[in-house]
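Data block below; observations after.
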Amino acid sequence: MFLPVSWEETEGYLDFVLIASDAYVDHPTYGHAVIARVVESRGFKIGIIPQPITDDDYRVLPTPNIAYMVSGGVVDSMVNNYTVSKNKRKGDVYSPPSKQGKRPDRQVTVYTKTLKRLFPEIPVIIGGVESSLRRFAHYDYWSDSVMQSILTESGADMLVYGMGERPTWDILDRLSKHIPFHKIRDVRGTCVAINGDEVESFRQKGAIIIPSFEEVTKDKMKYAKAFRLQEINTDAFNADALIQKQANGKYVLQNKPAFPLSEEEMDEIYALPYERTWHPMYDEEGGIKSIEEVKFSVTSHRGCYGSCSFCSINYHQGRRIQKRSDKSIIDEITMLTKDKDFKGYINDLSGPSANFREPACEKQIEHGVCKDRYCIGYTPCKNLKVDHTGFLKLLEKARSVPGVKKVFIRSGIRYDYIVYDKNSNVLETLCRHHISGQLKVAPEHMSDRVLKAMNKPSFSVYKTFADKYKAINTAIGKKQFIVPYLISSHPESRVEDAVKLTEYLKSIHYMPEQVQDFYPTPSTRATCMYYTGIDPDTLQEVYVPKSPKEKAMQRALLQYRLPKNAELVKEAYSLCKKDTPQTKKTAQKKGKVSNKVAKNKKYGKIK
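Heads up: the sequence shown begins at 1 in my numbering, then just goes up one per residue.
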């Protein structure tokens, strides 16, 4: 059964009401569904109001006895509503019928302020991606300004950051012991507002005071230092509590992070009684499109120790791997085979990085992730444990489930981790059984200067992977390709770097159909670089392409064949004093280049 969405389904009483920023889809890839089922599993009554717009929408369920919960959705509302060019998006796959207009900008703040106006006596707990990534003062790309914590901006009573199950369990356990909600202030994985006269007592208990909202607004170096303190205090085993003063004189206290979930706890969460589809209220509008990608996909784990500069997973889910048991995963796949719409294909079996199934090293288990180094990235740690054994066993079990024709790995493969594994046939296994024509990987760029800023491996690692991939497919008689994801205009990327990338793409006869301009989203290391011009790790200056002309030029270079990009490509090559691929080809035909160049059949290869 779906959870209540109308008064008639509630018998007039609820402990919690959850305001969902996305349409109500009762599936474990949607945060609102998970948290609501977690609450229900502990014996509390909860209902869901998805995407309210009018005041009357907030009254379709009884006023909750304990608190409102506001889920920030799968995607930050500003990313969901606007392109990187700040143009309004035309669609919204998380809303019916895939159209804009169902969610406001800055949805968590809008929902919370409305709740505080309509029901001022009822506490409000906020969570999800939008809340988690905006828990401290942060640069907001869309307003081009630093905004204060969403906790104090919205007026919420508590913010749950990261993945919210354990903090929710802790809150519910205390409520079960009849502890009043307003006295619950020290739950791991939560932030609460405190007064100035409370700061010293928390500081004496070990909390770190980070630069205030006013300081980070006025001083970009202090912004970078504040962000660095936030980023290195994300692991439950070695993090400190953090305190930051906000614009209204209030202080945000971030309690220490929640401890990671055990394998058994992960299994419990994914075994809750989800309906695994959209609520029937959306049937007349054709349902919710976003379910198409995940209905027959399976999440194997959470967390990623890749620590890419432009990715928010490190800040939200953390670097520690939290995995489900093989049995839990196989049980879910078996259940999916019984669905009337199942055609034999598991669309994806993965987490943020599919082949990260174990901790990065043994030290992590007891001491947490290191504050002063990365596990992998541009330069892998000497303690990195490279082992695909468990991953390969899981894949074998999955493709052996009766009724399964193929299990695809479509997202999140770390090609560098595969290259570093000298004793595994993982790539051959993927090529033989888990790819259909193409494998998507993310080199992101080919300039080592840019890759270092991204905390991605050197381009030589990608080349090694690509050569190995080609050799394996040739050996097994399959014609399969790599589809590389690329980012333009990332911090440290200059026009000359984009030109070099274009020359490489030309050499392999490839032009991406889609290119992602760097999108400065809240609380990533790269966004900190974008705003401050400072690398928060080194506190050294970095180059940031910001002018619309240069950003357009870098994007055009990656799609160099399109006629509409011809002038920008020509100008970029002129700035770098290089010939464009088109002028080189013309000159070669006319014999106006040296014999040495003319004989180079792979013209444009990077030397």
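Think of the CB as a built atom: it goes at the ideal place given N, C-alpha and C, for glycine as much as any other residue. Since the structure is predicted, the reported quantities are computational estimates derived from the model, not experimental observations.
The secondary-structure analysis by DSSP pairs F481 across a beta bridge with Q438. Selection Y417, K406 and L430 evaluated against L392 yields L430 as nearest (Cα-Cα). C-alpha of R324 to C-alpha of T152: approximately 35 Å in a straight line. Per DSSP, S493 lies in no alpha helix (DSSP H) and is assigned neither H nor E. Assignment of D348 by DSSP, reduced to helix, strand and coil, places it in the strand class. By the CB criterion at 8 Å, L61 and P4 fall inside the cutoff. Between P491 and A526, the C-beta gap is smaller than 8 Å, which places the two residues in contact. The alpha-carbon separation between A193 and I150 amounts to approximately 11 Å. Only residues of its own chain outside the window of five on either side were considered, and among them I418, K468, Y469 and I472 have a CB closer than 7 Å to the CB of L427, listed in chain order. Ranked by how close their Cα comes to the Cα of P96, the residues S131, Y282, S297 and H138 have Y282 in first place. Within the model, the alpha-carbon separation for V252 versus Q246 is close to 7 Å. By DSSP's assignment, L159 forms a beta bridge with I126 and C191. Counting only residues of its own chain and dropping the five nearest sequence neighbours on each side, Y24 has a CB closer than 6 Å to the CB of I48, P50 and H279. In this structure, Q107 lies near S21, with their beta-carbon atoms less than 8 Å apart.
A Cβ-Cβ contact shorter than 8 Å links T168 with I35. In the three-state scheme derived from DSSP, where H, G and I count as helix and E and B as strand, Y504 is classed as helix. Exclusion of the five residues before and after V216 leaves A137, V146, K222, Y223 and A226 as the residues of its chain whose Cβ lies within less than 8 Å of its Cβ. For I126, the closest C-alpha among the options D157, K102 and S98 is that of D157. Under a 10 Å Cβ-count criterion, E503 is classified as buried, with 16 or more other Cβ atoms of the shown protein chains found around its own Cβ. Taking 8 Å as the cut-off, the beta carbon of L557 is found no closer than this to the beta carbon of L486. Put simply, the stretch 312-319 does not touch the stretch 284-295. Fewer than three CB pairs are less than 8 Å apart.
For H138, the uninterrupted beta strand (DSSP E) segment begins and ends at H138 to D140.
The criterion of a C-beta distance shorter than 8 Å is satisfied by M69 and L18. Taking the Cβ atoms as the reference, R414 lies roughly 22 Å from L261, outside the contact range of under 8 Å. Residue ranges of uninterrupted beta strand (DSSP E) with 3 or more members, entirely inside the stretch 218-266 and ordered along the chain, are 242-245 and 251-254. Per DSSP, A67 lies in no alpha helix (DSSP H); the unbroken beta strand (DSSP E) holding it starts and ends at A67 to S71. Taking the C-beta atoms as reference points, F213 is found no nearer than 8 Å to H367. In this structure, DSSP gives Q148 a state outside helix and strand, which the three-state scheme calls coil. At the C-beta level, S411 and S350 come within 8 Å of one another.
By the neighbour-count criterion, in which a residue is buried when 16 or more other Cβ atoms sit within 10 angstroms of its Cβ, H434 is buried.
In the same chain as E332, and ignoring 5 residues on each side of it, the C-beta atoms closer than 8 Å to its own belong to Y270 and V298, in chain order. The secondary-structure analysis by DSSP pairs V17 across a beta bridge with G47 and Y68.
If you draw a 10 Å sphere on the C-beta of D92, you find 16 or more other C-beta atoms in it, and that means buried. P359 has its alpha-carbon roughly 28 Å from the corresponding atom of G206.
In the DSSP assignment, V108 falls within the alpha helix (DSSP H) that extends over Q107 to L118. Boundaries of the alpha helix (DSSP H) harbouring V450: D448 to M454, taken from the DSSP string.
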